[in-house]
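Asker: For the record, the sequence lines run as chains A and B.
Using our numbering, you'd call the opening residue of the first sequence number 266 and step up by one each time.
Using our numbering, you'd call the opening residue of the second sequence number 197 and step up by one each time.
Even for Gly, the Cβ is constructed at its ideal location relative to N, Cα and C.
First the structure, then my questions, so here it is.
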Amino acid sequence: MSGIVRYGSYVPFNRIQRSAIGGGRGERAAASYDEDSASMAVEASREALRELPEGAEVDTVAFASTSAPYTEKLNAATLQAATNLPKSVTALDLGGSTRSGLSALLAGIDMASAGRTVLVAASDVVVGAPSGPRESGGGDAAAAFVLGGNGTEPIARLSGRASCTEEVLDVWQSPGMPFAKQWEERFGASIFTPLLVDTFARALADAGVAASDLARVVLDGTNARVFRGFMRPAGLDPAQLADGMAGTVGRAGAAHAGLTLASALDGAAAGDRIAVACVADGVDVAVFEVTEAIDDGRPKHSVASWIGSKRDDLAYTTYLKWRDVLPFEPPRRPDPDRPAAPPMQRAERWKFGFLGSRCNRCGNTNLPPQRVCVVCQASDDSTMEPYADSECRISTYTLDRLAYSLQPPVIGAVVDFDKGGRMLCQLTDVDPDKVAIGDELEMTFRRLYTAGGVHNYFWKARPRR
Amino acid sequence: MASKGICDRVAIVGMGCTKFGEHWNRSASDLLVDAVQEAYGSAGIEPDNVDAYWLGTTGSGISGLTLSEPLKIQYKPVTRLENMCATGSEAIRNAAYAVASGAYDLVMAVGVEKLKDSGFSGLTGSAPPGDGTESGMTAPANFSLLAPAYAEKYGVDLETMRDVLTKIAYKNHYNGARNEKAQFQREVPVEKINSSPKIAGMLGIMDCSGVSDGSAAAVICRAEDAHKYNDNPIFIKALSFVAGPSEGAKRQDYDFTTFPEVVESARDAYVQAGIEDPREQISMAEVHDCFTPTELVLMEDLGFSPRGQAWKDTMDGRFDLDGDQPVNPDGGLKSFGHPIGASGLRMMYEMWLQLRGEAGERQIADPKVGLTHNLGGAPGRCVSFVSVVGL
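As structure tokens, this is what we get:
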């Protein structure tokens with residue numbers, strides 16, 4: 266039976282306190298100035314793809330988001346390139362509703378049943394109008410799943426599912442609107458609660474399980490009021506509810522159902538049954554059964570470890586500047602150049618895949634790849650190798666207060682890789698006062714800047730999280 | 197390296213140099229007219245006498261028309277060239293080799309840069325269309341890597357290191373205060389240098405060279421013709437230029453305490469000029485003090501100080517105007533300013549004045565051999581020029 270073969274999650278490093286926004290408890294996760302839904306999807310996908318079981322070769326990539334960096338240009342192609350998946354993949358972008366994350370997961374399982382191996386990444390940067398509930402209650406995060414059918418051992422099988430679609434005006438955003446709007450929540454609840462009760466019951470029936478059999482229930486949706494009248498008719502006990510991370514992450518749009526499922530899987534044992542419901546423009550419910558393979562299938566980072574690794578004092582004005590909500594005085598430096606299409610195409614395996622060239626003659630690593638080796642000058646005699654997951658550290662560094670950045674100073678570091686190779690690159694997710702020579706780093710996929718509507722993606726280094 | 201050199205075969209017989217600074221009311225064309233006409237006058241020649249021109253500029257114009265148009269040069273060869281911050285020196289080198297070859301008898305090397313029209317801080321360059329993966333670090337950030345690396349390697353505590361960098365800035369401003377063509381003609385108190393706003397790493401604004409507009413020019417001929425034009429010509433002993441393979445940016449064994457490109461260009465120049473002991477034989481030098489730690493490292497790469505000793509020599513006053521081996525007597529990039537394409541020629545202009553005893557208040561006693569050093573790029577990835585000139 267088809268199911269989840271591997272999974273991964275990503276929560277960005279920065280948190281903003283709700284008290285700094287104007288009220289409320291806890292904090293929300295905020296993508297850094299150099300992140301977007303595509304770059305965060307890459308981070309979560311790297312987690313999911315790190316150690317695939319034998320026989321699992323991804324041939325399909327789906328990216329789900331309501332904050333896709335490009336409205337036209339395939340965001341899933343960025344995901345494919347940055348994770349070094351083969352160019353023969355089928356790739357698609359999904360969006361339009363925060364339910365698209367769970368819908369994509371279900372669609373991916375259907376494709377897996379048809380013999381495909383599918384990477385589904387759901388990711389969102391949720392920006393609400395200043396002082397509104399979406400700004401305060403939203404969060405930024407990503408989740409990724411590799412879905413497989415026959416021939417791969419899943420860590421969680423899909424045992425039942427049900428859906429419902431409703432044409433209703435609940436949350437909407439049309440082109441040109443800077444922020445999404447939501448109709449009065451009491452109205453939404455009156456429509457969605459009965460639909461959820463019904464759809465949930467159908468899914469349990471499909472899976473052949475009772476509500477009391479569920480070890481965990483993930484409830485996600487645009488409208489928290491929907492769930493108030495749901496628990497009792499559904500026969501659920503509040504103790505079964507998965508933590509929705511409202512106080513630590515916030516609702517991460519299309520990623521949230523997947524992120525909460527990932528968190529449930531982090532703590533699941535073989536035999537556990539987990540139901541996931543997402544309520545937005547209708548309802549999707551999936552029921553999973555965790556298998557014995559779970560203990561070998563967990564990612565390097567749990568959701569809890571991402572949440573625990575943070576800087577939690579992001580200033581509100583900085584946050585608004587990062588999200589392009591608040592205009593600000595630019596540095597007295599030229600705007601960065603728009604990267605050009607042909608050079609990006611030629612350098613794709615470096616820029617996106619982060620492959621270096623290892624000299625076949627002397628073994629030296631050249632970053633970026635070189636035709637002529639910098640050590641022995643051997644020409645056109647090297648092998649491309651991945652460096653994104655390689656251990657590396659700071660050889661030396663400087664704080665550049667003159668360079669263009671949304672978060673000055675730019676920290677420029679000379680980064681040496683343990684398996685060879687050196688590059689000069691920017692550090693991110695780091696306190697400038699705490700950088701030291703010798704610090705261990707890891708590479709992270711980022712959006713360096715946007716110029717002329719072109720997002721310039723490349724890799725930076727960050728302290729290990 | 198196998199440069200044979202042209203020691204004593206080529207002479208400089210006239211020079212011109214504008215004041216460097218913020219010339220809001222002067223275009224690159226205006227600055228070129230000023231510098232070139234001053235050089236014509238200095239050599240006592242008419243424009244018709246010049247057979248060919250080399251014009252160095254990194255971004256203030258393209259093609260030879262940048263020079264021929266404002267000066268109305270009458271259908272002569274004008275080569276426009278660029279080699280980052282060493283552009284002005286490259287103009288001299290190419291012009292000198294042209295007369296040495298016998299192809300021309302009298303040529304000019306000219307440099308110009310108009311930086312203050314951009315409205316931006318620091319240098320701005322226009323790179324070719326790229327893939328967007330460059331580090332994006334600025335020049336002060338790249339050069340700031342030298343200071344902590346040097347301090348670490350030679351056991352200099354960071355407070356002392358700060359004093360050394362401040363001493364270099366202080367010295368160059370002291371010299372520039374005695375130069376009416378310098379951008380900044382004031383001494384700067386040590387406390388002000390120490391507390392200037394931070395730009396990159398340890399470097400404050402007072403560790404950085406001046407961003408300025410300016411132009412300079414030299415009239416060059418073969419040595420045997422020199423006295424036709426000028427009773428006091430100066431002679432080229434060596435011209436060396438190196439473009440590195442960019443090893444330091446890619447190899448883990450590079451430690452940011454030296455420029456291998458400078459070491460090699462200096463070695464080559466000393467062979468050409470027959471210099472065996474640069475610390476003793478070079479009377480004075482104009483070096484590429486784009487940022488204060490650059491000058492420190494250059495003192496060792498050029499062989500003026502043993503490895504690990506330049507910071508002591510600096511503090512002991514060896515490189516002061518009245519020291520044993522004055523460095524940047526005209527104020528250097530720090531105080532004279534750094535209009536990129538003009539800087540290499542400005543360095544030579546100071547050699548011209550000093551060797552001919554025309555440096556006024558900052559005249560060095562009886563200099564015999566001078567050196568200019570010009571660098572472009574960043575530690576680990578640069579080009580380097582060294583010349584030796586004398587009487």
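1) Is any non-hydrogen atom of the ligand SAH found closer than 8 Å to the C-beta of ARG205 (chain B), if you look at the structure I gave you?
2) Got a sec: is the Cβ-Cβ distance from TRP615 (chain A) to anything in chain B below 9 Å?
3) How long is the line joining the alpha carbons of GLU450 (chain A) and SER297 (chain A), rounded to whole angstroms?
4) Using a Cβ-Cβ cut-off of 9 Å, state whether ARG447 (chain B) counts as contacting chain A.
5) By the three-class DSSP mapping on this structure, what secondary structure does LYS564 (chain B) have?
6) How many Å lie between GLY547 (chain A) and ILE374 (chain A) at the Cα?
7) Can the beta-carbon of ALA231 (chain B) be found closer than 9 Å to that of GLY217 (chain B)?
8) Please list the partners that ALA396 (chain B) has in chain A, where partner means a Cβ-to-Cβ separation under 7 Å.
9) By the criterion of Cβ-Cβ separation under 8 Å, what are the contact partners of SER631 (chain A) in chain B?
10) Can you give me the start and stop residues for the alpha helix (DSSP H) that LYS725 (chain A) sits inside?
11) Confirm, please, whether the CB-CB distance from ILE364 (chain B) to LYS564 (chain B) is below 9 Å.
12) Residues in the region 584–605 of chain A with C-beta within 9 Å of chain B's C-beta atoms, listed in sequence order?
13) Assign TYR346 (chain B) to one of three DSSP states: helix, strand, or coil.
14) Would you decide whether TYR300 (chain B) is buried or exposed? Buried here means 16 or more other CB atoms lie within 10 Å of its CB.
15) Between which two residues does the beta strand (DSSP E) harbouring ASN279 (chain A) extend?
16) Looking at the secondary structure, which residues open and close the beta strand (DSSP E) in which LEU484 (chain A) lies?
17) Starting from the beta carbon of PRO325 (chain B), find every residue of chain A whose beta carbon is closer than 7 Å, and list them in chain order.
18) Please name the residue, chosen from B:ALA469, B:GLY470, B:PRO522, B:VAL209, that lies closest to MET304 (chain B) on a Cα-to-Cα basis.
19) Could you name the residues of chain A that GLY318 (chain B) contacts, counting a contact when the two beta carbons are closer than 8 Å?
20) Quick check on DSSP: helix, strand or coil for PHE431 (chain B)?
21) Counting only runs of 4+ residues fully inside the region 273–324 of chain A, write out the alpha helix (DSSP H) ranges in chain order.
22) Of the residues that make up the region 332–351 of chain B, which ones have a beta carbon closer than 7 Å to any beta carbon in chain A?
23) Can you list the residues of chain A that PHE452 (chain B) reaches, using a CB-CB cut of under 7 Å?
24) In three-state terms, what does DSSP make of ILE702 (chain A)?
25) Please confirm whether GLY537 (chain B) and GLY318 (chain B) have their CB atoms less than 9 Å apart.
26) Using a C-beta to C-beta distance shorter than 7 Å, which residues of chain A count as neighbours of GLY284 (chain B)?
27) Cβ closer than 8 Å: which chain A residues qualify as neighbours of GLY556 (chain B)?
28) Could you name the residues of chain B that ASP681 (chain A) contacts, counting a contact when the two beta carbons are closer than 7 Å?
29) What do you get for LYS310 (chain B), buried or exposed, if any count of 16 or more other CB atoms within 10 angstroms of its CB means buried?
30) Residues of chain A with CB under 9 Å from GLU443 (chain B), in chain order?
31) Going along chain B in order, which residues have a C-beta closer than 7 Å to the C-beta of ALA612 (chain A)?
32) Show which residues of chain B have a CB atom less than 9 Å away from the CB atom of LEU713 (chain A).
33) May I ask you to verify whether the region 555–574 of chain B touches the region 538–545 of chain B, counting CB pairs closer than 8 Å and requiring at least 3?
34) Please specify which runs of the beta strand (DSSP E), each continuous and at least 3 residues long, are wholly inside the region 256–318 of chain B, giving them in chain order.
35) Taking the beta carbon of TYR450 (chain B) as the centre, do at least 16 other beta carbons fall within 10 Å, making it buried, or is it exposed?
36) By DSSP, does ARG588 (chain A) sit in helix, in strand, or in coil?
Answerer: With the given structure in hand:
1) This structure lacks the ligand SAH; in fact it carries no ligand of any kind.
2) Here the question's residue 615 (chain A) lines up with position 350 in the first sequence. Yes, TRP615 (chain A) counts as interfacial toward chain B.
3) Residue mapping note: residue 450 (chain A) aligns to position 185 of the first sequence, counting from 1. Residue mapping note: residue 297 (chain A) aligns to position 32 of the first sequence, counting from 1. Rounded to the nearest angstrom, the two C-alpha atoms are 30 Å apart.
4) In the second sequence, the residue the question calls residue 447 (chain B) occupies position 251. True, the Cβ-Cβ gap to chain A drops below 9 Å.
5) In the second sequence, counting from the first residue as 1, residue 564 (chain B) sits at position 368. The answer is coil: DSSP assigns LYS564 (chain B) none of H, G, I, E or B.
6) By one-based count along the first sequence, residue 547 (chain A) stands at place 282. By one-based count along the first sequence, residue 374 (chain A) stands at place 109. Their backbone Cα atoms lie some 20 Å apart in a straight line.
7) To locate residue 231 (chain B), count along the second sequence from 1; it is residue 35. To locate residue 217 (chain B), count along the second sequence from 1; it is residue 21. Cβ distance not < 9 Å, so ALA231 (chain B) and GLY217 (chain B) don't count as in contact.
8) Stepping through the second sequence from its first residue, residue 396 (chain B) is reached at position 200. When 7 Å is used as the limit between beta carbons, ALA396 (chain B) is near these residues of chain A: THR663, LEU664, ASP665, ARG666, LEU667, in chain order.
9) As a first step, residue 631 (chain A) is located in the first sequence; it is residue number 366 there, counting from the start. It is Asn, not Ser, that sits at residue 631 (chain A) in the sequence shown. Result: LYS446.
10) Here residue 725 (chain A) refers to the residue found at position 460 when the first sequence is read from its first residue. No alpha helix (DSSP H) holds LYS725 (chain A); the beta strand (DSSP E) holding it covers 719–728.
11) In the second sequence, residue 564 (chain B) corresponds to position 368, counting from 1. In the second sequence, residue 364 (chain B) corresponds to position 168, counting from 1. ILE364 (chain B) is positioned such that its CB atom lies no closer than 9 Å to that of LYS564 (chain B).
12) Those residues of the region 584–605 of chain A that come within reach of chain B (Cβ to Cβ, closer than 9 Å) are PRO596, ARG597, ARG598, PRO599, PRO601, ASP602, ARG603, PRO604, ALA605.
13) Taking the first residue of the second sequence as 1, we reach residue 346 (chain B) at position 150. Helix.
14) For the purposes of this step, residue 300 (chain B) is taken as residue 104 along the second sequence, with counting starting at 1. TYR300 (chain B) is buried by the Cβ-count criterion.
15) Here the question's residue 279 (chain A) lines up with position 14 in the first sequence. Counting along the chain, the unbroken beta strand (DSSP E) around ASN279 (chain A) starts and ends at 279–282.
16) In the first sequence, residue 484 (chain A) corresponds to position 219, counting from 1. Following the DSSP letters along the chain, one finds LEU484 (chain A) inside the beta strand (DSSP E) bounded by residues 481–486.
17) As a first step, residue 325 (chain B) must be located in the second sequence, where it is residue number 129. Under the 7 Å cutoff, chain A gives ALA605, PRO608.
18) On the second sequence, position 108 is the one that residue 304 (chain B) refers to. Nearest C-alpha to MET304 (chain B): B:VAL209.
19) As a working note, residue 318 (chain B) is residue 122 in the second sequence. What GLY318 (chain B) touches in chain A: ARG598, LEU667.
20) Taking the second sequence and counting its residues from 1, the one referred to as residue 431 (chain B) is at position 235. DSSP places PHE431 (chain B) in strand when its eight states are reduced to three.
21) If we require 4 residues or more, the alpha helix (DSSP H) runs fully inside the region 273–324 of chain A come out as 283–286, 302–314.
22) Answer in chain order: GLY332, MET333, THR334, PRO336, ALA337, SER340, LEU341, PRO344, ALA345.
23) If you number the second sequence from 1, residue 452 (chain B) lands on position 256. Residues of chain A passing the Cβ test: THR661.
24) In the first sequence, residue 702 (chain A) corresponds to position 437, counting from 1. In the structure shown, ILE702 (chain A) sits in coil (DSSP, three-state: anything other than H, G, I, E or B).
25) If you number the second sequence from 1, residue 537 (chain B) lands on position 341. If you number the second sequence from 1, residue 318 (chain B) lands on position 122. Against a cut-off of 9 Å, the Cβ pair of GLY318 (chain B) and GLY537 (chain B) comes out as no contact.
26) Here residue 284 (chain B) corresponds to residue number 88 of the second sequence, with the count starting at 1. One finds nothing in chain A with a Cβ atom closer than 7 Å to the Cβ of GLY284 (chain B); even the nearest lies about 24 Å away.
27) On the second sequence, residue 556 (chain B) is found 360 positions in, with the first residue counted as 1. Those do not exist, as GLY556 (chain B) stays about 36 Å from chain A at its closest Cβ, beyond 8 Å.
28) Counting from one through the first sequence, the residue named residue 681 (chain A) turns up at place 416. Neighbours of ASP681 (chain A) on chain B, chain order: GLN448.
29) As a working mapping, residue 310 (chain B) is identified with position 114 in the second sequence. By the neighbour-count rule (16 or more Cβ atoms within 10 Å), LYS310 (chain B) is buried.
30) Position 247 of the second sequence, counted from the start, is the residue given in the question as residue 443 (chain B). Going along chain A in sequence order, the residues near GLU443 (chain B) (Cβ under 9 Å) are VAL639, VAL640.
31) Taking the first sequence and counting its residues from 1, one reaches residue 612 (chain A) at position 347. Near ALA612 (chain A) (Cβ distances below 7 Å), the residues of chain B are ASP327, THR329.
32) For the purposes of this step, residue 713 (chain A) is identified with residue 448 of the first sequence, where counting begins at 1. Chain B residues near LEU713 (chain A): GLY328, THR329, GLY332.
33) With contact defined as three or more Cβ pairs closer than 8 Å, the region 555–574 of chain B and the region 538–545 of chain B are in contact.
34) Whole beta strand (DSSP E) segments, 3+ residues: 274–277, 302–309.
35) Mapped onto the second sequence, residue 450 (chain B) falls at position 254. Counting Cβ neighbours within 10 Å, TYR450 (chain B) comes out buried, since at least 16 surround it.
36) Indexing the first sequence from 1 puts residue 588 (chain A) at position 323. DSSP places ARG588 (chain A) in coil when its eight states are reduced to three.
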